[in-house]
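Heads up, the thing below is written out as structure tokens.
2 protein chains.
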Amino acid sequence: MHTYSSKLLEEVVEEFATLPGIGKKTALRLVLHLLKQEKRDVEHFGRTILRMKEEIVTCRECHNISDSDVCHICSDPYRDKQTICVVESIRDVMSIENTQQFTGVYHVLGGIISPMDGIGPADLTIESLVNRVKTGGCREVILALSTTMEGDTTNFYIYRRLQEYPVTITTLARGVAIGDDLEYADEVTLGRSLLNRTSFEETFKHSKHGT
Amino acid sequence: MHTYSSKLLEEVVEEFATLPGIGKKTALRLVLHLLKQEKRDVEHFGRTILRMKEEIVTCRECHNISDSDVCHICSDPYRDKQTICVVESIRDVMSIENTQQFTGVYHVLGGIISPMDGIGPADLTIESLVNRVKTGGCREVILALSTTMEGDTTNFYIYRRLQEYPVTITTLARGVAIGDDLEYADEVTLGRSLLNRTSFEETFKHSKHGT
Numbered sequence: 001m002h003t004y005s006s007k008l009l010e011e012v013v014e015e016f017a018t019l020p021g022i023g024k025k026t027a028l029r030l031v032l033h034l035l036k037q038e039k040r041d042v043e044h045f046g047r048t049i050l051r052m053k054e055e056i057v058t059c060r061e062c063h064n065i066s067d068s069d070v071c072h073i074c075s076d077p078y079r080d081k082q083t084i085c086v087v088e089s090i091r092d093v094m095s096i097e098n099t100q101q102f103t104g105v106y107h108v109l110g111g112i113i114s115p116m117d118g119i120g121p122a123d124l125t126i127e128s129l130v131n132r133v134k135t136g137g138c139r140e141v142i143l144a145l146s147t148t149m150e151g152d153t154t155n156f157y158i159y160r161r162l163q164e165y166p167v168t169i170t171t172l173a174r175g176v177a178i179g180d181d182l183e184y185a186d187e188v189t190l191g192r193s194l195l196n197r198t199s200f201e202e203t204f205k206h207s208k209h210g211t
Numbered sequence: 001m002h003t004y005s006s007k008l009l010e011e012v013v014e015e016f017a018t019l020p021g022i023g024k025k026t027a028l029r030l031v032l033h034l035l036k037q038e039k040r041d042v043e044h045f046g047r048t049i050l051r052m053k054e055e056i057v058t059c060r061e062c063h064n065i066s067d068s069d070v071c072h073i074c075s076d077p078y079r080d081k082q083t084i085c086v087v088e089s090i091r092d093v094m095s096i097e098n099t100q101q102f103t104g105v106y107h108v109l110g111g112i113i114s115p116m117d118g119i120g121p122a123d124l125t126i127e128s129l130v131n132r133v134k135t136g137g138c139r140e141v142i143l144a145l146s147t148t149m150e151g152d153t154t155n156f157y158i159y160r161r162l163q164e165y166p167v168t169i170t171t172l173a174r175g176v177a178i179g180d181d182l183e184y185a186d187e188v189t190l191g192r193s194l195l196n197r198t199s200f201e202e203t204f205k206h207s208k209h210g211t
């Protein structure tokens, strides 16, 4: 559509346009912005991308993104290695870390089982999770996956794979979000939160720690 | 806000977040996408950015972005060198080229006079434009700047600088956009398009070429 006055410019725009949510127009805006910057800054930008792919590795324990062989969470002596929280992606690790409520370690699956997208158990790090449970002194595995059909399928698959080991398997509590109006909660969530109602004392105890 | 598990990851996210319209969340999404790609592709991405800043130059004639000393428009023997269209940025060159209605050459100012942003005539390529008019066989200068206060100021400044040379100075026609409902045209535009009304035959003649 666009008539580029430079082949190279076109090439850079095409590269940016491969990023998710970035169309040709946005890509052009980003590239023209970069072109206006100091040479040093743009070089730093390019080199950081090159370094990223070379130096960022995944933790051999939990598969989280890491600068070293074992990530800073797995190598932290104060983290409880007996509790493993299974998540879909490193973004979920960030979300849970932000709550500052979890002191255990993680296991990043790298996705969820989704036959529609051609992702089976073998494409995820489930085997490695089974190994961790088999060899380590793990006592609890918390399944913190999406509350979708794919998430439930993956939960169930992992549950079956871990059944033979002496480990407690739990999932995140599901219910009405804090701050939400009951009126706007969907009926499935509302129904579940009625079924899994907790004693008032327990709810109160937790809310004292802040939400 | 985010707890990054890798210093380098954080660095790349920060770099992306400096781009216009890209916040931390979007930056993280882009970087995680890049991390999932093949090493070869990411390297190509980084290297293209590095090459861009090294190899892309501005045309010494019109200041358009170019792969060589003189851009492909200025070096095209079929373009009419006697008609120079003055625009603000290379994006405007692209827009006008896309219309396929212009066969002359361009002059990219690199901005418009805007005292509020501290941009004066000396920050733009106006001197170079005056030189082109002075030395070359230019017959018409088309001022194709934004129809804003800053655009009008710049138009007027250029007009005064070129007054002494035997050159016709024109501006883009201003009026109701094609396809627009009269109801929604602003009153200034509508008033001007009434004042500068054109003969029906002329309008009809142009619309035959397709809009």
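Just so you know, the protein sequences line up as chains A and B, in that order. Under my numbering, residues 1 to 211 are what the first sequence spells out, in order. Under my numbering, residues 1 to 211 are what the second sequence spells out, in order. Note that CB positions come from ideal geometry on N, CA and C, so glycine has one too.
Judged by beta-carbon spacing, B:Val108 lies beyond the 8 Å limit of B:His72, meaning their Cβ atoms are not closer than that value. A:Ser114 carries a strand assignment under DSSP once its states are collapsed to helix, strand and coil. Residues of chain B with a Cβ closer than 7 Å to the Cβ of A:His33 are, in chain order, Leu19, Pro20.
Below 8 Å, enough C-beta pairs join the region 1-15 of chain A and the region 24-40 of chain A to call them touching: three or more. Considering only beta carbons, no part of the region 140-164 of chain B lies closer than 7 Å to chain A. Within the same chain, Ile169 come within 7 Å of A:Tyr159 by CB-CB distance, once the 5 residues on both sides are set aside. Residue state for A:Gly191 is assigned as helix, using DSSP reduced to three classes. Around the CB of B:Leu9, 16 or more other CB atoms lie within 10 Å, so the residue is classed as buried. In the structure shown, B:His63 falls within a coil segment according to DSSP collapsed to helix, strand and coil.
B:Asp67 reaches chain A at Ser6, Lys7, Leu8, counting residues in chain order whose Cβ is nearer than 7 Å.
The three-state secondary structure of A:His107, taken from DSSP, is strand.
In the pairwise beta carbon analysis, the region 179-195 of chain A is classified as not touching the region 114-122 of chain A: fewer than three pairs are separated by under 8 Å. Distances from the alpha-carbon of A:Leu19 to those of B:Gln37, B:Lys24, B:Thr147 put B:Gln37 closest. Leaving aside the five residues that flank B:Phe45 on each side, none in its chain has a CB nearer than 6 Å to its CB. Annotation note: the region 149-173 of chain A contains the following uninterrupted alpha helix (DSSP H) runs of length 4 or greater, listed N- to C-terminal: 149-162.
In this structure the region 85-99 of chain B lies against the region 129-145 of chain B, because at least three pairs of beta carbons, one per stretch, are closer than 8 Å. For A:Cys71, DSSP assigns no beta-bridge partner whatsoever.
Within chain A, no residue has its beta carbon less than 7 Å from that of B:His107; the closest one is some 13 Å off.
In this structure, B:Thr154 keeps its C-beta atom at 8 Å or more from the C-beta atom of B:Gly175. At least 8 Å separates the beta-carbon of A:Glu164 from that of A:Ile113. Closest in C-alpha terms to B:Val42, from the list A:Ala185, A:Arg47, A:Gly136, comes A:Arg47. Between B:Ser128 and A:Ser6 the beta-carbon gap is near 19 Å, outside 8 Å, which marks them as no contact. Contact with chain B is found for A:Lys53, since one of that chain's Cβ atoms lies less than 8 Å from the residue's Cβ. Beta-bridge annotation (DSSP): A:Ile96 is not paired with any residue. Boundaries for A:Ile22: no beta strand (DSSP E) harbours it, and the DSSP string shows neither H nor E there.
Contact of B:Cys71 with chain A by beta-carbon distance below 9 Å involves Ser5, Ser6.
Interface annotation, B:Gly46: in contact with chain A, CB-CB separation under 8 Å. Proximity to B:Thr58 across B:Lys81, B:Arg91, B:Asp69 peaks at B:Asp69, based on C-alpha coordinates. Under the three-state reduction of DSSP, B:Ile126 is assigned to helix.
Using beta-carbon distances, B:Val87 does not count as an interface residue toward chain A, since no partner is under 8 Å. The three-state reading of DSSP puts A:Glu140 in strand, counting E and B together. Closest in alpha carbon position to B:Asp152, among B:Asn131, B:Gly111, B:Cys138, is B:Gly111.
Of the residues B:Arg40, B:Ser95, B:Gly21, the one whose Cα lies closest to the Cα of A:Leu50 is B:Arg40. Apart from the 5 residues on each side of it in sequence, B:Thr103 sits with its Cβ closer than 7 Å to the Cβ of Arg79, Asp80 in its chain, given in chain order. The beta carbon of A:Cys138 is closer than 7 Å to those of Gln82, Ile84, Arg132, Val167 in its chain, skipping five residues each way along the sequence. Boundaries of the alpha helix (DSSP H) harbouring B:Ile49: 39-55, taken from the DSSP string.
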